[in-house]
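Enquirer: Quick one: the structure is below, questions incoming.
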Amino acid sequence: MDIRNFCIIAHIDHGKSTLADRMIELTGTLDKRQMKDQMLDSMDLERERGITIKLQPIRMVHKGVQLNLIDTPGHTDFRYEVSRSLAACEGAILLVDAAQGIQAQTLAVLYMAMEHDLTIIPVLNKIDLPAADPEGVSTEVIKLLGCKKEDILLISAKEGRGVDEVLAEVVEKIPAPEGHSSTSDEIFETSDKRQATSDARALIFDAVMDPYRGAVAYVRVMEGEFKKGQKVHLLGTKMQVDILDLGHLAPTYVSDHKLVEGEIGYIVTGAKDVTYVRTGDTIASSSGVHQLPGYKEVQPMVFAGLYPSASDDYPQLRESLEKLSLNDAALNFEPERNAALGNGFRCGFLGLLHMDIVQERLEREHDCDLIITAPSVLYEVELNSKTPAEIVRSSSLKKDEPNVALISNPADFPDPAQINEVREPWVKLEVIGRNEDVGPTMELVQKKRGIQKSLEYLDADRALLHFEVPLNGIVLDFFDQLKSATAGYGSMSYEQIGFRSGDLVKMDILLLGEPAEALSTIIHRSEAQSAGSAICKKLKNTIPKAQYQIPIQASIGAKIIARETLSALRKDVTEKLYGGDVSRKQKLLKKQKKGKKRLKKMGKVTLTQEAFLSVLKR
28 MDIRNFCIIA HIDHGKSTLA DRMIELTGTL DKRQMKDQML DSMDLERERG ITIKLQPIRM
88 VHKGVQLNLI DTPGHTDFRY EVSRSLAACE GAILLVDAAQ GIQAQTLAVL YMAMEHDLTI
148 IPVLNKIDLP AADPEGVSTE VIKLLGCKKE DILLISAKEG RGVDEVLAEV VEKIPAPEGH
208 SSTSDEIFET SDKRQATSDA RALIFDAVMD PYRGAVAYVR VMEGEFKKGQ KVHLLGTKMQ
268 VDILDLGHLA PTYVSDHKLV EGEIGYIVTG AKDVTYVRTG DTIASSSGVH QLPGYKEVQP
328 MVFAGLYPSA SDDYPQLRES LEKLSLNDAA LNFEPERNAA LGNGFRCGFL GLLHMDIVQE
388 RLEREHDCDL IITAPSVLYE VELNSKTPAE IVRSSSLKKD EPNVALISNP ADFPDPAQIN
448 EVREPWVKLE VIGRNEDVGP TMELVQKKRG IQKSLEYLDA DRALLHFEVP LNGIVLDFFD
508 QLKSATAGYG SMSYEQIGFR SGDLVKMDIL LLGEPAEALS TIIHRSEAQS AGSAICKKLK
568 NTIPKAQYQI PIQASIGAKI IARETLSALR KDVTEKLYGG DVSRKQKLLK KQKKGKKRLK
628 KMGKVTLTQE AFLSVLKR
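The numbering used here puts the sequence shown at residues 28 to 645.
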């Protein structure tokens, strides 16, 4: 049987999952009664938010051809999911909303597909909408791809119009996997047959933990074939396992006798430890073969501390993070301790949406009650001391530069006297918006210390702006501000371009004169005063009042740069008395005095979840 491996790439909400639904219906993979909207979005969170978070493979058969589709996420934060699915495919459907046109993240994913040399099939979706402009958007696609107008397919995934033509185009234009002939029994002839039995190799593009069967690897077979019961080797982790089961997804597990070259399917390894089956690793029939080129290790861009609300829940949080990290290759975590919050984990994420999703999945799927500290990025700190290991605690030193520390936690920031230079990560930012959005976008990026590189027009009314900007400037609330500045029309995409030197300092927040480490941030000196003032005001409104005055201060070293004072709670405990013996009044005042004394003795301000969130969303 002929094979076609392809994925759907698009911006958020351009109809990837809906198109996949129509394809599943049209090929008869599932009955009508089994179908539901967003069939491949299996998580409750994906359905509620209307976004795809995890890539999801499915096998369909259309007119005698085996079609392996991988539905991919559209958001920048989940770009690593897309890169993995691209490596498993030979072609991609570029889906563009006929009303909105090309968006920033469409471009980002398209460039990745082109790097993988995939065959691109351009498709315009939502042509049934009153606001659809197929002519105008077709011109944008032609300019971008250099294709002909007749190559662009016009469809409505919601109504099912034109989906048949898309499947026909997939079969006609996307090449079959290399080395795969039309009948699976004839795949390996003569000299190749020996290779099939001794040198079978498959790339793991995703892995999930099944509570009953252990680690399940989603694979693309590159060479040879795999059979049930066969002994195989995980080359990266140097582990040998037996194939307990294998098959394809439709979209549930469907067991097969074997998986052959070019096919996409699953292999049940039975591994009980989540760390053994790694995304990007190679499954091979022999330990003596070379590893397939995997994926670049995902570099987290945003870091935050995750702490259990109750310290007793720490073991549960650790177990939950371990389980989640198998299914989410981009989640990094390591233990850390915080004076205010106790034991927790320093976690690395790809962006704020990724952080939000991880938090919600921990709370829903693993029943964790969490506190999250303000997010920060990774900094390179060049030290001038000869013994940096004694100065920098719990932060890793660069292997190739032993005097440079990589710091993501502001609490680990060394004394300014020991620092030669601090470098921060910069990103290449692309923003697409209307003509009238160019001015507000430039103004917004300049406030974040960004540099404009170029401006080009996709058509008469839509502009593409290229910037270079510090990651710290866009990591908190930049996307919200961009949407406000462009009346919701702006879209953005970014990728890291390296580290650059800057005048960066550690800003502490003092409560009752004591630094609250969880609220410390590393910030550019020029932005410190306004950010410190904003944090102090937010905290003043969210910290509960105490029986005594609480000064809230922002400081750089010994210099106070902003201050707010939370007034004392003045409670009249004798208010309800309307007469009687004086001893009743004295008794209440004595009780209040005792309470105040105890509070003052403790001398600590309890930071609530709201207080943290207020700083997070400043």
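All residues carry an ideal CB built from backbone N, CA and C; glycine is no exception.
Owing to the predicted nature of the structure, the values given are computational and were not obtained by experimental measurement.
Can you check which of these residues, Val454, Tyr334, Lys350, Pro443, is closest to Ile399 by C-alpha distance?
Expert: Residue mapping note: residue 399 aligns to position 372 of the sequence shown, counting from 1. For Ile399, the nearest C-alpha among the options comes from Tyr334.
Enquirer: Within this structure, are the beta carbons of Leu380 and Ala357 separated by less than 8 Å?
Expert: Along the sequence shown, read from residue 1 onward, the residue named residue 380 stands at position 353. Along the sequence shown, read from residue 1 onward, the residue named residue 357 stands at position 330. Taking 8 Å as the Cβ cut-off, Leu380 and Ala357 do not qualify as a contacting pair.
Enquirer: Would you check if the distance between the CB atom of Leu410 and the CB atom of Pro441 is smaller than 8 Å?
Expert: Taking the first residue of the sequence shown as position 1, residue 410 is located at position 383. Taking the first residue of the sequence shown as position 1, residue 441 is located at position 414. Contact: yes.
Enquirer: Determine the closest residue to Val168 out of Tyr484, Leu615, Thr601, with distance taken between C-alpha atoms.
Expert: Translated into the one-based positions of the sequence shown, residue 168 becomes position 141. Of Tyr484, Leu615, Thr601, the residue nearest in Cα terms is Tyr484.
Enquirer: Could you have a look at Phe505 and say whether DSSP puts it in helix, strand or coil?
Expert: As a first step, residue 505 must be located in the sequence shown, where it is residue number 478. Helix, per DSSP.
Enquirer: With DSSP as the reference, identify every bridge partner of Phe372, one or two as the case may be.
Expert: For the purposes of this step, residue 372 is identified with residue 345 of the sequence shown, where counting begins at 1. Note: Phe372 sits in a beta bridge opposite Leu333, Pro362.
Enquirer: Give the DSSP-derived three-state secondary structure of Arg240 in the structure shown.
Expert: Against the sequence shown, residue 240 aligns to sequence position 213. Reduced to three states, the DSSP call for Arg240 is coil.
Enquirer: Looking at Asp486: is its Cβ nearer than 8 Å to the Cβ of Thr166?
Expert: On the sequence shown, residue 486 is found 459 positions in, with the first residue counted as 1. On the sequence shown, residue 166 is found 139 positions in, with the first residue counted as 1. Their beta carbons are under 8 Å apart, which means Asp486 touches Thr166 by this criterion.
Enquirer: Pull up the DSSP beta-bridge partners for Gln580, would you.
Expert: The residue you call residue 580 lines up with position 553 of the sequence shown. In DSSP, Gln580 forms a bridge with Leu537, Arg590.
Enquirer: Any idea what DSSP makes of Asn447, helix, strand or coil?
Expert: Here residue 447 refers to the residue found at position 420 when the sequence shown is read from its first residue. DSSP places Asn447 in strand when its eight states are reduced to three.
Enquirer: Kindly indicate the opening and closing residues of the alpha helix (DSSP H) around Arg489.
Expert: Residue mapping note: residue 489 aligns to position 462 of the sequence shown, counting from 1. Looking at the DSSP string, Arg489 is not in any alpha helix (DSSP H); the run it does join, the beta strand (DSSP E), is 489-497.
Enquirer: Can Val281 and Ile270 be called in contact, C-beta distance under 8 Å?
Expert: For the purposes of this step, residue 281 is taken as the residue at position 254 of the sequence shown. For the purposes of this step, residue 270 is taken as the residue at position 243 of the sequence shown. No, the Cβ-Cβ distance between Val281 and Ile270 is not below 8 Å.
Enquirer: Anyone know if the C-beta pair for Asp155 and Glu196 falls short of 8 Å?
Expert: Here the question's residue 155 lines up with position 128 in the sequence shown. Here the question's residue 196 lines up with position 169 in the sequence shown. Result no, Cβ atoms of Asp155 and Glu196 do not sit closer than 8 Å.
Enquirer: From this set, Glu495, Glu463, Lys474, Lys475, which residue's C-alpha is nearest Arg489's C-alpha?
Expert: Your numbering for residue 489 matches position 462 in the sequence shown. Here the closest residue by C-alpha is Glu463.
Enquirer: Alpha carbon to alpha carbon, how far is Ile129 from Pro84?
Expert: Here residue 129 corresponds to residue number 102 of the sequence shown, with the count starting at 1. Here residue 84 corresponds to residue number 57 of the sequence shown, with the count starting at 1. For Ile129 and Pro84, the distance between alpha carbons rounds to 25 Å.
Enquirer: Please report the straight-line C-alpha distance between Lys43 and Val385, rounded to a whole angstrom.
Expert: Residue numbering aside, residue 43 sits at position 16 when the sequence shown is read from its first letter. Residue numbering aside, residue 385 sits at position 358 when the sequence shown is read from its first letter. If you take the alpha carbons of Lys43 and Val385, they lie about 23 Å apart.
Enquirer: Answer yes or no: do Arg373 and Glu451 have a C-beta to C-beta separation smaller than 8 Å?
Expert: The residue given as residue 373 occupies position 346 in the sequence shown. The residue given as residue 451 occupies position 424 in the sequence shown. In this structure, Glu451 does not lie closer than 8 Å to Arg373 by Cβ.
Enquirer: Determine the DSSP secondary structure at His38, reduced to helix, strand or coil.
Expert: Against the sequence shown, residue 38 aligns to sequence position 11. Of the three classes helix, strand and coil, the one that applies to His38 here is coil, per DSSP.
Enquirer: How many Å lie between Phe360 and Leu433 at the Cα?
Expert: As a working note, residue 360 is residue 333 in the sequence shown. As a working note, residue 433 is residue 406 in the sequence shown. The alpha-carbon atoms of Phe360 and Leu433 are separated by roughly 15 Å.
Enquirer: Under the three-state reduction of DSSP, which class applies to Glu250: helix, strand or coil?
Expert: To locate residue 250, count along the sequence shown from 1; it is residue 223. Glu250: strand per DSSP, three-state reduction.
Enquirer: Roughly how many angstroms lie between the CA atoms of Arg228 and Ile148, to the nearest whole one?
Expert: If you number the sequence shown from 1, residue 228 lands on position 201. If you number the sequence shown from 1, residue 148 lands on position 121. Cα to Cα, the separation comes out at about 29 Å.
Enquirer: Tell me the rounded alpha-carbon separation between Gly332 and Pro402.
Expert: Position 305 of the sequence shown, counted from the start, is the residue given in the question as residue 332. Position 375 of the sequence shown, counted from the start, is the residue given in the question as residue 402. Taking the straight line joining both Cα atoms gives about 8 Å.
Enquirer: Of all the options Leu503, Tyr516, Ile459, Lys510, which has the alpha carbon lying nearest to the alpha carbon of Phe494?
Expert: On the sequence shown, position 467 is the one that residue 494 refers to. If we check each option's Cα against that of Phe494, Ile459 comes out closest.
Enquirer: Let me confirm a value: Lys565 is counted as buried when at least 16 other C-beta atoms fall within 10 Å, else exposed. Which label applies?
Expert: Locating residue 565 in the sequence shown gives position 538, where the first residue counts as 1. Counting Cβ neighbours within 10 Å, Lys565 comes out buried, since at least 16 surround it.
Enquirer: Between which two residues does the alpha helix (DSSP H) carrying Asp144 extend?
Expert: Your numbering for residue 144 matches position 117 in the sequence shown. Here Asp144 belongs to no alpha helix (DSSP H), and DSSP marks it neither H nor E.
Enquirer: Could you have a look at Glu177 and say whether DSSP puts it in helix, strand or coil?
Expert: Numbered from its first residue, the sequence shown carries residue 177 at position 150. Looking at Glu177 - three-state DSSP - the assignment turns out to be helix.
Enquirer: Count the other C-beta atoms from every protein chain shown that fall within 10 angstroms of the C-beta of Val653, then say buried if there are 16 or more, exposed otherwise.
Expert: Given that the chain is displayed from residue 28 to residue 645, the structure contains no residue 653 and the question cannot be resolved.
Enquirer: Terminal residues of the continuous alpha helix (DSSP H) containing His284?
Expert: Numbered from its first residue, the sequence shown carries residue 284 at position 257. From DSSP, His284 is part of no alpha helix (DSSP H); its letter is neither H nor E.
Enquirer: Can you give the Cα-Cα distance for Gln523 and Val454, rounded to whole angstroms?
Expert: In the sequence shown, the residue the question calls residue 523 occupies position 496. In the sequence shown, the residue the question calls residue 454 occupies position 427. So the alpha carbons of these two residues sit roughly 4 Å apart.
Enquirer: In its own chain, which residues sit with a C-beta less than 6 Å from the C-beta of Leu286, not counting the 5 before and 5 after it?
Expert: Working through the sequence shown from its first residue, we reach residue 286 at position 259. Excluding positions up to five away in sequence, the list reads Val248, Phe253, Leu273, Gly292.
Enquirer: Work out the CA separation of Leu351 and Ser547 for me, nearest whole Å.
Expert: The residue you call residue 547 lines up with position 520 of the sequence shown. The residue you call residue 351 lines up with position 324 of the sequence shown. Approximately 28 Å between the Cα atoms of the pair.
Enquirer: Output the distance between the C-alpha atoms of Ser336 and His275, rounded to the nearest integer angstrom.
Expert: The residue labelled residue 336 in the question sits at position 309 within the sequence shown. The residue labelled residue 275 in the question sits at position 248 within the sequence shown. Whole-angstrom Cα-Cα distance: 41 Å.
Enquirer: Across which residues does DSSP place Ala119 in a beta bridge pair?
Expert: The residue given as residue 119 occupies position 92 in the sequence shown. Answer is Cys34, Ile147.
Enquirer: Give me the Cα-Cα distance between Arg597 and Ala573, rounded to the nearest whole angstrom.
Expert: The residue you call residue 597 lines up with position 570 of the sequence shown. The residue you call residue 573 lines up with position 546 of the sequence shown. Distance between the alpha carbons of Arg597 and Ala573: 9 Å.
Enquirer: Which residues share a DSSP beta bridge with Asn152?
Expert: Start at 1 with the first residue of the sequence shown, and residue 152 comes out as number 125. Its beta-bridge partners are Asp124.
Enquirer: First and last residue of the alpha helix (DSSP H) that includes Ala558?
Expert: To locate residue 558, count along the sequence shown from 1; it is residue 531. Per DSSP, Ala558 belongs to the alpha helix (DSSP H) from 552-569.
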